[in-house]
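Trainee:
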Amino acid sequence: MHVEGVNHPLERFMGGITINGKAVGRLRAGHLWIFRDDLLDARAVEDGDVVSLLSERGRPLGSALYSARSKIALRWVAAPGIEVNRDFWRARLRTAMAYRSLVVSRTNAFRLAFGEGDLLPSLILDRYGEVVVMQTLSRGMERRKEMWIELIEELLSPAALIERNDAKVRLQEELPLRTGLLKGAAPRHAICRINDFDFEIDLFEGQKTGAFLDQRENYTAAESLLYGEVLDGFSYSGGFAMHAARNGAQVTAIDSSSEALNCGRRNAELNQLKGIEWIEGNLFDYLKKFEVDGRRFDAIVLDPPAFAKNRTAVPAALRGYKEINLRAIKLLKPGGRLVTCSCSYHVSTPLFLDIIASAAADAHRPLRVIEARSQARDHPVLAGMPETRYLKCLLAQVL
Ligand code: SAH
24 MHVEGVNHPL
34 ERFMGGITIN
44 GKAVGRLRAG
54 HLWIFRDDLL
64 DARAVEDGDV
74 VSLLSERGRP
84 LGSALYSARS
94 KIALRWVAAP
104 GIEVNRDFWR
114 ARLRTAMAYR
124 SLVVSRTNAF
134 RLAFGEGDLL
144 PSLILDRYGE
154 VVVMQTLSRG
164 MERRKEMWIE
174 LIEELLSPAA
184 LIERNDAKVR
194 LQEELPLRTG
204 LLKGAAPRHA
214 ICRINDFDFE
224 IDLFEGQKTG
234 AFLDQRENYT
244 AAESLLYGEV
254 LDGFSYSGGF
264 AMHAARNGAQ
274 VTAIDSSSEA
284 LNCGRRNAEL
294 NQLKGIEWIE
304 GNLFDYLKKF
314 EVDGRRFDAI
324 VLDPPAFAKN
334 RTAVPAALRG
344 YKEINLRAIK
354 LLKPGGRLVT
364 CSCSYHVSTP
374 LFLDIIASAA
384 ADAHRPLRVI
394 EARSQARDHP
404 VLAGMPETRY
414 LKCLLAQVL
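Using my numbering, read the sequence shown as starting at 24 and increasing by one per residue.
1) To which residues does DSSP link residue 105 through a beta bridge?
2) Any chance you could list the residues with Cβ under 5 Å from a heavy atom of the ligand SAH, keeping chain order?
3) Which residue from 398, 363, 292 and 357 puts its Cα closest to that of residue 255?
4) Our contact map puts residue 96 next to residue 55 with C-beta atoms below 8 Å; I'd like the distance itself, whole angstroms only.
5) Using the C-alpha atoms, what's the distance from residue 110 back to residue 284?
6) Which runs of the beta strand (DSSP E) spanning at least 3 residues fall entirely within the region 295-338, listed in chain order?
7) Give the straight-line distance between the Cα atoms of residue 192 and residue 160, rounded to the nearest whole angstrom.
8) Using the Cβ count rule (16 or more neighbours within 10 Å means buried), how would you classify residue 335?
9) Please list the terminal residues of the continuous beta strand (DSSP E) segment that includes residue 356.
10) Across which residues does DSSP place residue 148 in a beta bridge pair?
11) Mind checking whether residue 173 and residue 71 have CB atoms under 8 Å apart?
12) Taking just the CA atoms, how far does residue 82 sit from residue 229?
13) If you scan the region 47-93 from start to end, which runs of the alpha helix (DSSP H) of 4 or more residues do you find wholly inside it?
14) Counting pairs of beta carbons, one from the region 166-186 and one from the region 105-121, are three or more of them closer than 8 Å?
15) Residue 252 lies in the beta strand (DSSP E); which residues open and close that run?
16) I believe residue 323 touches residue 355 by the beta-carbon criterion, under 8 Å. Please report the beta-carbon distance rounded to the nearest angstrom.
17) Ignore the nearest five residues each way along the sequence and tell me which others in residue 85's own chain have a CB closer than 7 Å to its CB.
18) Taking residue 155 and residue 198 to be in contact with their CB atoms under 8 Å, please state how far apart those CB atoms are, rounded to whole angstroms.
19) Any idea which residues DSSP pairs residue 420 with across the strands?
20) By the DSSP assignment, the beta strand (DSSP E) with residue 207 in it spans what residues?
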């Protein structure tokens with residue numbers, strides 16, 4: 024019989040896994056993942072268990088969440104001697120909440136738990152005002168879903184808790200894709216307050232969990248550069264476009280998703296912003312068209328979806344980033360500003376800088392890098408785990 028509560032049986036019994044020296048080295052360097060190839064033997068473990076880890080010599084290395092299906096077999100959670108029970112998870116969530124009170128301001132929409140970056144591997148929690156959106160992206164977290172529902176209720180008492188488990192990474196764990204209401208009541212759309220804007224969020228069908236919260240601080244950093252005639256390429260619901268329009272810019276916002284643009288139009292209305300033209304289309308085509316038409320811009324934002332979703336896609340992704348940046352740089356007026364982003368983890372910051380440099384060189388336009396930024400601070404980076412630092416956002420200017 025399953026007894027829910029503090030001494031949940033699934034947390035009490037621990038099987039053990041021995042890992043090889045390579046995996047031990049990775050853990051020591053601060054990484055949390057252990058790949059299936061590095062497991063030596065497994066005793067009495069089941070999918071989703073918290074298991075104790077041992078080195079080949081039998082040294083205890085702490086405990087980890089076990090996934091039987093994915094390439095990432097183990098996700099480290101705690102040092103040796105720490106019992107991983109409901110109180111343990113509760114304390115981790117409280118730590119994540121306390122961190123947000125240090126780094127989050129001017130918004131009631133932010134990431135409350137960023138998986139590995141909060142030592143809560145594969146758990147994502149986003150707060151949109153009174154609503155919490157959850158993703159449990161591994162077998163271990165999926166198995167603890169009921170516990171998370173209770174802990175979220177206890178610590179946050181949101182008006183609604185929504186599951187956005189439609190993220191494709193769940194397929195790596197052979198978990199089903201699913202979206203739905205887990206608790207309370209929520210409208211399809213929520214209005215949040217982000218950087219002093221009203222922002223409409225499509226809670227059930229918007230991209231990611233509804234918004235690109237990772238760009239919130241970049242909107243502010245870019246804002247002073249976004250004036251004059253501005254192109255917001257890959258605009259989604261207009262995060263950058265609205266910040267530009269607040270400066271009195273004439274903005275052309277382009278996205279391939281009509282849903283995203285409808286949301287953007289409502290956002291502009293909600294904030295009484297004039298001067299944004301919303302265009303549905305393929306940005307690659309529009310960049311060519313603007314070149315032919317002789318249209319030029321004072322500032323261009325490029326925030327495409329991840330072109331490289333895995334390592335093998337990197338060469339094609341690099342060509343894609345190079346193409347849009349080359350075309351954009353050519354479309355800038357003298358002194359024009361470029362805000363260019365990449366959310367592909369597999370394209371590192373130095374590599375991204377190289378691509379931008381080579382795009383500028385090919386365009387015969389010297390480019391000044393004003394600032395190299397990353398994701399907002401509510402998406403914290405875990406030292407030793409480069410995968411947690413995925414977003415690049417460069418602010419630049421042609422000279
Ligand atoms: N800058 C946005 C986030 C952009 S996400 C923000 O801050 O909210 C990437 C967007 O690119 C998505 O909205 C997606 O619909 C759009 N997109 C994907 N491929 C595209 C293409 N070829 N042309 C134009 N838009 C595209």
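Glycine included, each C-beta is placed from N, C-alpha and C at the ideal position.
Computed from a predicted model, the values in this text were never measured in an experiment.
Mentor: This is what the structure gives:
1) Taking the first residue of the sequence shown as 1, we reach residue 105 at position 82. Per DSSP, none; premise fails for residue 105.
2) 235, 238, 257, 259, 262, 278, 279, 280, 283, 305, 306, 326 and 328
3) Position 232 of the sequence shown, counted from the first residue, corresponds to residue 255. The option with the nearest alpha carbon to residue 255 is 363.
4) In the sequence shown, residue 96 corresponds to position 73, counting from 1. In the sequence shown, residue 55 corresponds to position 32, counting from 1. That pair is no contact at about 12 Å.
5) Translated into positions along the sequence shown, residue 284 becomes position 261. Translated into positions along the sequence shown, residue 110 becomes position 87. Rounded to whole angstroms, residue 284 to residue 110 spans 43 Å at the Cα level.
6) 299-303 and 320-325
7) Residue numbering aside, residue 192 sits at position 169 when the sequence shown is read from its first letter. Residue numbering aside, residue 160 sits at position 137 when the sequence shown is read from its first letter. Distance between the alpha carbons of residue 192 and residue 160 is about 7 Å.
8) Walking along the sequence shown from the start, residue 335 turns up at place 312. Its Cβ having fewer than 16 others within 10 Å, residue 335 is exposed.
9) The residue labelled residue 356 in the question sits at position 333 within the sequence shown. Unbroken beta strand (DSSP E) run through residue 356: 355-365.
10) Numbered from 1 along the sequence shown, position 125 holds the residue referred to as residue 148. Paired residue(s): 136 and 157.
11) Within the sequence shown, numbered from 1, the residue matching residue 173 stands at position 150. Within the sequence shown, numbered from 1, the residue matching residue 71 stands at position 48. Contact: no.
12) Position 206 of the sequence shown, counted from the start, is the residue given in the question as residue 229. Position 59 of the sequence shown, counted from the start, is the residue given in the question as residue 82. Distance between the alpha carbons of residue 229 and residue 82: 46 Å.
13) none
14) yes
15) Stepping through the sequence shown from its first residue, residue 252 is reached at position 229. Residues 252-256.
16) Along the sequence shown, read from residue 1 onward, the residue named residue 323 stands at position 300. Along the sequence shown, read from residue 1 onward, the residue named residue 355 stands at position 332. So it is a contact: roughly 6 Å between Cβ atoms.
17) Residue 85 sits at position 62 when you count from the first residue of the sequence shown. Counting only Cβ-Cβ distances below 7 Å, and skipping sequence neighbours, we find 76, 99, 101, 102 and 103.
18) Residue 155 sits at position 132 when you count from the first residue of the sequence shown. Residue 198 sits at position 175 when you count from the first residue of the sequence shown. Not a contact, Cβ separation roughly 20 Å.
19) One-based indexing of the sequence shown puts residue 420 at position 397. Beta-bridge pairing links residue 420 to 360 and 391.
20) Against the sequence shown, residue 207 aligns to sequence position 184. Per DSSP, residue 207 belongs to the beta strand (DSSP E) from 201-207.
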